[in-house]
Amino acid sequence: MVDIPECFKKMTSFIRRAEEPDKDTSHPNSKLVAFVCRQYAMELGIAEPDSTKGPEATPFLLGLMDRLEQDKALVPAELSREQQREQVLAFADDVFAKADAED
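Letter by letter, the sequence shown follows residues 0 to 102 of numbering that gives the first Met the number 0.
Structure (structure tokens):
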């Protein structure tokens, strides 16, 4: 579990969601989902005004950027942003269906 600086509260849920498919790779799109969650978290972190960031912000974002570069190799290069979105939505539908079946 990654320690997320207080100034990045907005991205916490996306980082946590990215950690879940990292642990459970039973779904074929789990690595893509983790990558997309981290990518969105990075976008949120970059968009945060510098005045609200603390000294731990830059090292955290650099670490997240390094992780994204590593994970990028696991995402098929031929997938467009729209195709990635479709696969993430399919993953979410599968998760919802499993939860619904348990209820």
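For glycine and all other residues, C-beta sits at the position ideal for the given N, C-alpha and C. Every value quoted in this text rests on a predicted model; they were computed, and no experiment measured them.
Residue environment, residue i, which counts as buried when at least 16 other CB atoms sit within 10 Å
| i | result |
| --- | --- |
| residue 45 | exposed |
| residue 96 | exposed |
| residue 37 | buried |
| residue 33 | buried |
| residue 60 | buried |
| residue 100 | exposed |
Cβ-Cβ separation, residue j to residue i (assumed contact under 8 Å), whole Å
| i | j | result |
| --- | --- | --- |
| residue 0 | residue 18 | 7 Å |
| residue 30 | residue 70 | 7 Å |
Reduced DSSP secondary structure (H/G/I, E/B, other) of residue i
| i | result |
| --- | --- |
| residue 81 | helix |
| residue 102 | coil |
| residue 55 | coil |
| residue 0 | coil |
| residue 24 | coil |
| residue 73 | coil |
| residue 18 | helix |
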